[in-house]
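S.K.: The structure follows.
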Amino acid sequence: MVRRRLAALDLSVDLVVLDPARDRAQPEWSPAGPRLDALPEINAAAALRAAELGVDAVRRRRR
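Just remember that our numbering sits 492 ahead of the position in the sequence shown, which is counted from 1.
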């Protein structure tokens with residue numbers, strides 16, 4: 493589905509897929525308390541992979 497949408501939008505991007513069973517990282521500790529997002533280990537892995545690829549920002553569109 494993602495590939496079809498990227499093609500429909502004619503976006504020139506590299507799609508990087510993380511595997512929740514394999515790609516996990518320890519999320520950073522926060523003095524604000526526990527993270528409430530789903531699968532913080534996967535989000536931390538996504539941030540690490542983005543940094544490795546030189547991505548300056550990873551954004552999530554809010555509805």
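Idealized CB from N, CA, C, for every residue including glycine.
Please read all numbers here as calculations on a predicted model, not as lab measurements.
1. If I'm right that Ala-643 touches Asp-515 with Cβ under 8 Å, what's the distance once you round it to whole angstroms?
2. Expressed to the nearest angstrom, what Euclidean distance is found between the alpha-carbon atoms of Leu-498 and Pro-512?
3. In whole angstroms, what is the alpha-carbon distance linking Leu-501 and Val-509?
4. Does the distance from the CB of Leu-540 to the CB of Ala-517 come in under 7 Å?
M.R.: By the coordinates alone:
1. Any question about residue 643 goes unanswered here, given that the chain covers just 493 to 555.
2. Residue 498 sits at position 6 when you count from the first residue of the sequence shown. Residue 512 sits at position 20 when you count from the first residue of the sequence shown. Rounded to whole angstroms, Leu-498 to Pro-512 spans 22 Å at the Cα level.
3. Taking the first residue of the sequence shown as 1, we reach residue 501 at position 9. Taking the first residue of the sequence shown as 1, we reach residue 509 at position 17. So the alpha carbons of these two residues sit roughly 19 Å apart.
4. As a first step, residue 540 must be located in the sequence shown, where it is residue number 48. As a first step, residue 517 must be located in the sequence shown, where it is residue number 25. Result yes, Cβ atoms of Leu-540 and Ala-517 sit closer than 7 Å.
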